[in-house]
Amino acid sequence: MAPRSAEVSRKTKETEISVSVHVDGAGRSEMATGVGFFDHMLDQLSRHSLIDMKVTAKGDLHIDDHHTVEDCGIALGQALSRALGDRRGIMRYASIDLAMDETLTRAAIDVSGRPFLVWNVNFSAPKIGTFDTELVREFFQALAQNAGITLHVTNHYGANNHHIAETCFKAVARALRMALESDPRQPDAVPSTKGSLKG
Ligand SMILES: [Mn+2]
């Protein structure tokens with residue numbers, strides 16, 4: 095499998111973001127989005143997917159975190175899609191039920207080229223610290239859309255909103271890791287009867 099890496103820079107009137115990803119990495123992350131809780135979540139995404147990720151963002155945080163979080167999802171998704179190329183040789187499907195203390199969350203993924211998010215996660219509070227909990231969904235919507243992945247996330251149960259958010263990131267990370275692994279039985283084939291995973 096060729097090295098799977100990409101860089102994306104994206105500038106709008108709301109945000110200026112640069113992202114680099116190395117899919118076959120070691121889970122090294124450098125996050126500087128200006129949003130502390132989001133950095134913590136992106137660190138989890140990198141660490142447990144083993145995708146090296148660097149994200150630098152300067153966003154309009156004087157308004158709120160929304161544009162920054164969404165646009166980081168867009169840029170990360172674009173970088174991931176670019177790094178994966180024609181998606182040849184990958185396992186494609188994966189799912190995991192991920193536990194963290196009292197919380198259990200499932201992520202199921204199809205690296206299909208077809209963007210879709212099914213989101214069954216509810217938070218019991220609007221904020222984790224200063225972070226709006228509704229932005230967790232916004233991030234994954236942008237990621238799925240731009241990475242060309244089908245992503246289903248279901249929180250089965252949980253009480254602590256920090257844990258609920260964190261299990262979403264860790265479960266998606268771990269499912270991504272499995273789905274992006276090389277399939278030793280068909281290392282040179284695109285795993286689709288259509289012959290294409292480019293959407
Ligand atoms: Mn945490």
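Per my numbering, the very first residue in the sequence shown carries number 95; after that it's consecutive.
Here a beta-carbon is modelled for each residue, glycine too, at the ideal position from N, C-alpha and C.
Task: Spatial neighbours of S112 in its chain, beta-carbon cut-off 6 Å, leaving aside the 5 residues before and after - done: Cβ within range, chain order: S103, T150.
Open item on the list: I need the DSSP call for M147, collapsed to helix, strand or coil.
Closed with: strand
Open item on the list: Between the region 168-178 and the region 240-260, can you find at least three pairs of beta-carbon atoms closer than 8 Å?
Closed with: yes
TODO: State buried or exposed for R98, treating a residue as buried only when at least 16 other CB atoms are found within 10 Å of its CB.
DONE: buried
TODO: Provide the residue span of the alpha helix (DSSP H) that contains S276, from first to last.
DONE: Unbroken run through S276: none, as it is neither H nor E.
- [ ] Please confirm whether S143 and L274 have their CB atoms less than 9 Å apart.
- [x] yes
Task: Near ligand 1: H256 beta-carbon under 8 Å from a heavy atom - done: yes
Open item on the list: Could you give the first and the last residue of the continuous alpha helix (DSSP H) run that contains N240?
Closed with: 228-241
- [ ] Can you check DSSP and say which residues form a bridge with T248?
- [x] R200, N214
Task: Closest Cα partner of A269 within the set Q235, D133, T199 - done: T199
TODO: Check whether the Cβ of E260 sits closer than 8 Å to any heavy atom of ligand 1, and report yes or no.
DONE: It does: the Cβ of E260 is within 8 Å (strictly closer) of some heavy atom of ligand 1.
Open item on the list: Quick check: does the Cβ of H142 come within less than 8 Å of any heavy atom belonging to ligand 1?
Closed with: no
Open item on the list: Here's the rule I'm using: 16 or more other beta-carbon atoms within 10 Å means buried, otherwise exposed. How should G64 be labelled?
Closed with: Nothing about residue 64 can be read from this structure; the chain reaches only from 95 to 293.
Task: Contact set for M135: own chain, Cβ-Cβ below 6 Å, skip 5 residues either direction - done: F263.
Open item on the list: Helix, strand or coil for R296? Go by DSSP, reduced to three states.
Closed with: This structure cannot speak to residue 296, because the chain is shown only from 95 to 293.
Task: P209, buried or exposed, once every other Cβ within 10 Å from all chains shown has been counted against 16 - done: Its Cβ being crowded by 16 or more others within 10 Å, P209 is buried.
Task: Any non-hydrogen atom of ligand 1 within 8 Å of H134 CB - done: Remark: the shortest separation between the CB of H134 and any heavy atom of ligand 1 falls under 8 Å.
Task: Residue nearest to G207 in terms of C-alpha spacing, selected from S276, D137, G289 - done: G289
TODO: Assuming A259 contacts V230 (C-beta within less than 8 Å), just tell me the rounded distance between them.
DONE: 5 Å
Open item on the list: Assuming E124 is part of the beta strand (DSSP E), what are its boundary residues?
Closed with: 123-126
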